[in-house]
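Trainee:
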């Protein structure tokens with residue numbers, strides 16, 4: 739495998755199935771979330787994600803548009819190094835988002851959690867409109883080896899790993 743990996747959503751059985759070179763790459767930002775902690779979208783999920791991705795605000799809880807706006811930027815995520823990757827750029831080139839206990843997301847006495855899991859994945863798969871009425875697509879950032887990052891000057895790849 740090369741330095742850059744095609745983004746996507748992958749269902750795996752264990753964290754050991756994530757490519758080791760991707761995890762160990764200094765340009766990878768790694769987030770692991772326990773699905774058992776997510777019971778709803780606007781409070782649990784948004785709170786966990788804004789903390790995991792080091793948002794500079796806590797105002798996203800209960801505000802899906804603000805949350806998605808922050809998630810499509812993430813330009814503050816930079817790694818600590820003496821040497822920039824290219825053109826004095828220190829931003830991560832890969833984002834790994836691992837959901838452990840994925841099948842427990844949203845599970846409760848009266849819910850299987852499927853609607854919540856679908857909504858979370860919908861953020862990464864579907865198109866949505868931001869607070870300014872602009873269609874900004876999904877939260878994925880595509881990387882093109884010939885042209886570089888097509889959607890954002892900083893982040894290229896989101897890889898999501900779902901561990902049941």
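In this note's numbering, the protein residues as written are 739 to 902.
Where a beta carbon is used, it is the ideal one built from N, C-alpha and C, also for glycine.
In this structure, what does DSSP give as the bridge partners for residue 767?
Mentor: As DSSP reads the structure, residue 767 sits in a beta bridge with 833.
Trainee: Could you round the C-beta distance between residue 747 and residue 834 to whole angstroms and report it? I think they count as a contact, below 8 angstroms.
Mentor: Not really, about 12 angstroms apart at Cβ, beyond 8 angstroms.
Trainee: Would you decide whether residue 840 is buried or exposed? Buried here means 16 or more other CB atoms lie within 10 Å of its CB.
Mentor: The residue is buried, with at least 16 neighbouring Cβ atoms inside 10 Å.
Trainee: Tell me the residue span of the alpha helix (DSSP H) that contains residue 860.
Mentor: 852-863
Trainee: Could you tell me which residues DSSP puts in a beta bridge with residue 843?
Mentor: Note: residue 843 sits in no beta bridge, so no partner.
Trainee: DSSP puts residue 746 in a beta bridge; with which residues?
Mentor: Partner(s): 897.
Trainee: Relative to the alpha-carbon of residue 901, which residue among 762, 760, 758 and 770 has its alpha-carbon at the smallest distance?
Mentor: 770
Trainee: First and last residue of the alpha helix (DSSP H) that includes residue 754?
Mentor: Careful: residue 754 lies outside any alpha helix (DSSP H) and carries neither H nor E.
Trainee: Once you ignore the five residues that flank residue 772 on each side, which residues in its own chain have a CB closer than 7 angstroms to its CB?
Mentor: 838 and 839
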